[in-house]
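Read in order, the letters of the sequence shown are residues 1 to 152 in my numbering.
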Amino acid sequence: MIRVTRKSDSESFSGLILGKNLGHLKGSALFDAFINLCREAPQREIRFDIRRKIYLSAYFSFAEKFQHEESSRATISNISKGGCSVITNHETQKGSKIWMVLPEIKDQRPIHCEIRWVKQWKPDIRYLPRLGVKFIRIADNQLEELFDILKD
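Printed below as a string of structure tokens:
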């Protein structure tokens, strides 16, 4: 995230990039600081799938095999054919595997997912704690049902 502020009585800027304060810089010093912070930022894959920001209920589990009794409740959003965002307070790590069941689709087979990123709950946060998951194994008919819901 980038936030830049220009004071009306000055030609200098102040800003935050990825939570790092740039202080009051101007001209090439500002540009150099920006470029250096961009180089340090972790690279992300470019998404090509269309995402829909609707909310659906989900059950998820970290067990080897999905067991409904041991599952946790969550809400998913930002849904695409490749994955989704899981809104949850559950603590986990990038690379972990989960099973997910979506009650709104007829095919209730568990969908195997990999956690790609984690935004944990912290005091004074200004975002929803969530996990970014990639669908590892999802049946074609489950994807079709999911996208029928997304069309509405």
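Cβ coordinates follow ideal geometry from the N, Cα and C atoms, glycine included.
* Quick check: the stretch 129–141 against the stretch 108–118, are there 3 or more CB pairs under 8 Å? -> The stretch 129–141, when compared against the stretch 108–118, does touch it at the 8 Å Cβ threshold.
* To do: For my contact list, SER102 and LEU56 are in at a C-beta cut-off of 8 Å; report their separation, rounded to the angstrom.
  => Residue numbering aside, residue 102 sits at position 102 when the sequence shown is read from its first letter. Residue numbering aside, residue 56 sits at position 56 when the sequence shown is read from its first letter. In the sequence on display, residue 102 carries Leu and not Ser. The beta carbons of LEU102 and LEU56 sit about 6 Å from each other, so the pair counts as a contact at 8 Å.
* To do: Quick one: measure Cβ to Cβ for SER85 and ILE98, integer angstroms, because I've assumed they're closer than 8 Å.
  => Counting from one through the sequence shown, the residue named residue 85 turns up at place 85. Counting from one through the sequence shown, the residue named residue 98 turns up at place 98. Distance from SER85 to ILE98 at the Cβ level is roughly 13 Å; contact not present, criterion being Cβ atoms closer than 8 Å.
* Evaluate ALA63 with the Cβ neighbour count: other Cβ atoms within 10 Å of its Cβ, from every protein chain shown; 16 or more gives buried, anything less gives exposed. => As a first step, residue 63 is located in the sequence shown; it is residue number 63 there, counting from the start. Residue environment analysis places ALA63 among the exposed positions, since fewer than 16 neighbouring C-beta atoms fall within 10 angstroms of its C-beta.
* Buried versus exposed call for PHE31 [16 or more other C-beta atoms within 10 Å across all chains shown] -> Reading the sequence shown from its first residue, position 31 is the one you call residue 31. When all chains shown are included, PHE31 counts as exposed.
* Quick one: using the 10 Å Cβ neighbour count with 16 as the cut-off for buried, is ILE35 buried or exposed? => Numbered from its first residue, the sequence shown carries residue 35 at position 35. Exposed.
* Report the rounded CA-to-CA distance for ALA74 versus ASN141, giving the unit in angstroms. => In the sequence shown, the residue the question calls residue 74 occupies position 74. In the sequence shown, the residue the question calls residue 141 occupies position 141. Approximately 22 Å between the Cα atoms of the pair.
* Alpha carbon to alpha carbon, what distance is there between PHE66 and THR92? -> As a first step, residue 92 must be located in the sequence shown, where it is residue number 92. As a first step, residue 66 must be located in the sequence shown, where it is residue number 66. Going by the C-alpha atoms only, they are around 17 Å apart.
* Cβ separation of ILE87 and LEU150, assumed to be a contact under 8 Å, to the nearest whole Å -> Here residue 87 refers to the residue found at position 87 of the sequence shown. Here residue 150 refers to the residue found at position 150 of the sequence shown. The C-beta distance from ILE87 to LEU150 rounds to 17 Å, too long to fall under 8 Å, and the pair is not in contact.
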